[in-house]
Every structure is written in structure tokens, then in C-alpha cells.
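Just so you know, we're using the numbering used here here: the sequence shown kicks off at 781 and counts up by one.
Note that beta-carbon positions come from the ideal geometry of N, C-alpha and C, so glycine has one too.
Single-structure report; data block below.
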Amino acid sequence: MNYEQLIRDRRSVRSFDGRPILAEDMQKITEFIRDVPNPYGIPVEFLLLDANEHGLTSPVITGATLWIAGKVKKVPHAEEAFGYSFEEMVLFMQSLGIGTTIIAGTMDRAAFEKAANLAEDEMLACVSPLGYPASSMSVREKMMRMGIKADSRIKFSELFFDGDFGTPLTEEKAGACAKALEMVRLAPSAVNKQPWRAVVTDGRVDFFEHHDKGFVGEASGDLQKIDVGIAISHFVHGAEESGLAGHIEEADISYQVPNEIEYITSWQKN
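Right, dumping it as C-alpha cells:
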């Protein structure tokens, strides 16, 4: 798969044409979701749920007959692992021409948790409809995209920093990491808040969460940590497509970190 192209082409889809997933696509999906890895080694279980059978709905979705839910044990780094694996699934769907949108709030959560047979020690953070996009967006979908400025992104130099948080990073200075960081910049996030931040040092990229109020819940966990997990997925694929080999590991941060920002993890060049 060409991940850069998938990331650039993909958008959230809320209007579907109602067609069932083709058998050949369903077989590929079933095989893919059996084991969707993440750097934390935390299993994320995916379930395909029939909308009519389980009474699954969302007021922002039209024409969807199938949903996919992910659940994960409530362990340290569960949200980041979930976000990483969920985005892997989303990009795979994009490669098949199947539309998705990541939903954590505007849904009948109790119905989804019941359908997923959620245990007390598990978290069902997000779900997504699966289907073929309608030929045109509904008026509601257009209004939603306008409301959250879905196509806008924060400037590169406001998200990424050179050595510490006091020095903005330019694309030119980013060098070999520029493509991977741009893939991070293009990542989707809850109401398009784009909470990821990254500091680039020699051979290492440190990832952080910029906290906003209202994104932490008992049922869904910290949604912005999920967003950072999505962003890390984009970085890893961007790095690989740039010929950069590396791995995810925690690092000791020696520079000052602003109060509203939390360290998550690092990508270390091999």
C-alpha cells in the first residue's frame, strides 16, 4: 500500500450508498482485522456488527448497514495502542474504497457496548460505519465538515519543534523526517483539534499530547491520546516510505515541557 496516498486521499465519510460490502472485500476485511498490530503490543479486538441486528445508529450517519468496533483492555497506553491499530484498520479500508469515520460520542454507546459484549476491564473507545461512500455528501455532513473546519490543519511550525519547545521546526530543517511529519499533520482527530506535538532531536522524534478540556471519559478513555496513537501510525508509515528505519520506545526528556503538554513516547532511528 502507498500510505502517503491513502492518507492524503482519505476523508471521513458520513453518507453511504446503502450497498452491502462485497463478498471479496468482506473476506479481505475479516482476514485483516484478525491481528492489527501496534508498537505497544497491546491487543485491540475488532468486531464487525450488523446495524439492523443490533440496532446500531448514529445521528450523523446515513446509509450505513455495517459497523466496526474496537475494544481493548484498560491497561497503560491502551488509548495510544487503540488509536494506532484503529487507524491501521481505517487506512486498510481506504485501500479497498470503503468509507469510514471515527466516532466516539455521537452514537448509542450502550447499544454498541452490548453488541460488542464489552467486559468491565475493557474499553470500547471508538466505532466506525463501514460502507461505500454515497455519490454526494448530505447537507448535514457538509455542515459538520464546515463546523469543525475538517480540511484545515495547523501549520507545520506550530506542531513540530527543533530540539525543544522553544524552537519551531521548518519543513526544510526537518530533512529526512519532513514527509513523515507531514503525514502526522494530515492525521484525523476528534473535532479536528490536532492535539499531537513533536520535538525532533538528533535521530529521535518525541511525541506529545496537547491537552484540551472535555476529551477524557470513563467509557472512552482519553480521546486525544487515541489521536496521538493515530498520528504515530502516520509517522511510522511516512518514515518507512522515506527509507527511515526506527522503532517506538520511551525516552528521557531533558528539555522543558509546557504545563499543558504531556509526553507520550518517542520514535528512535535504528
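Would you mind reading off the limits of the beta strand (DSSP E) that contains residue i?
i: residue 984; result: 984-990
i: residue 1048; result: 1041-1049
i: residue 978; result: 976-981
i: residue 786; result: Unbroken run through residue 786 is the alpha helix (DSSP H), 783-789; no beta strand (DSSP E).
i: residue 973; result: Unbroken run through residue 973: none, as it is neither H nor E.
i: residue 852; result: 846-853
i: residue 798; result: Careful: residue 798 lies outside any beta strand (DSSP E) and carries neither H nor E.
i: residue 907; result: 907-910
i: residue 1028; result: 1026-1029
For residue i and residue j, which I take to be in contact (beta-carbon distance under 8 Å), what is that distance rounded to the nearest angstrom?
i: residue 961; j: residue 872; result: Going by Cβ atoms, the distance from residue 961 to residue 872 rounds to 23 Å, so no, they are not a contact pair.
i: residue 747; j: residue 888; result: The requested residue 747 does not occur in the structure, where the chain is confined to residues 781 to 1050.
i: residue 869; j: residue 813; result: 6 Å
i: residue 807; j: residue 945; result: Not really, about 47 Å apart at Cβ, beyond 8 Å.
i: residue 898; j: residue 851; result: 6 Å
Between the beta-carbon of residue i and the beta-carbon of residue j, is there less than 8 Å?
i: residue 891; j: residue 862; result: no
i: residue 986; j: residue 1043; result: yes
i: residue 848; j: residue 915; result: no
i: residue 1048; j: residue 1026; result: yes
i: residue 875; j: residue 949; result: no
i: residue 1018; j: residue 784; result: yes
i: residue 913; j: residue 996; result: no
i: residue 959; j: residue 1021; result: yes
i: residue 1040; j: residue 990; result: yes
Taking the continuous alpha helix (DSSP H) assigned at residue i, which residues delimit it?
i: residue 961; result: 958-965
i: residue 863; result: 858-875
i: residue 804; result: 803-812
i: residue 1013; result: 1003-1021
i: residue 890; result: 889-895
i: residue 831; result: 831-834
i: residue 939; result: 936-939
i: residue 952; result: 951-954
Look at the alpha carbon of residue i and the alpha carbon of residue j, and state the distance between them as a whole number of angstroms.
i: residue 800; j: residue 857; result: 35 Å
i: residue 802; j: residue 810; result: 12 Å
i: residue 1046; j: residue 819; result: 11 Å
i: residue 879; j: residue 844; result: 10 Å
i: residue 901; j: residue 1023; result: 39 Å
i: residue 1028; j: residue 979; result: 14 Å
i: residue 993; j: residue 804; result: 43 Å
i: residue 885; j: residue 984; result: 35 Å
i: residue 791; j: residue 988; result: 24 Å
i: residue 911; j: residue 860; result: 26 Å
i: residue 798; j: residue 952; result: 45 Å
i: residue 832; j: residue 1011; result: 33 Å
i: residue 977; j: residue 1001; result: 20 Å
i: residue 865; j: residue 1032; result: 25 Å
i: residue 893; j: residue 830; result: 13 Å
i: residue 1050; j: residue 1013; result: 17 Å
i: residue 789; j: residue 895; result: 31 Å
i: residue 882; j: residue 855; result: 22 Å
i: residue 981; j: residue 835; result: 49 Å
i: residue 795; j: residue 955; result: 39 Å
Would the C-beta of residue i count as close to the ligand ADP, meaning under 7 Å from any of its heavy atoms?
i: residue 866; result: The model on display carries no ligand, and the ligand ADP is accordingly not part of it.
**OP:** Count the C-beta pairs between the region 931-946 and the region 960-978 that are closer than 8 Å, then say yes if the count reaches three, no if not.
**Re:** yes
Original post:
Is it true that the region 973-981 meets the region 821-836, where meeting means three or more beta-carbon pairs spaced less than 8 Å apart?
Top reply: no
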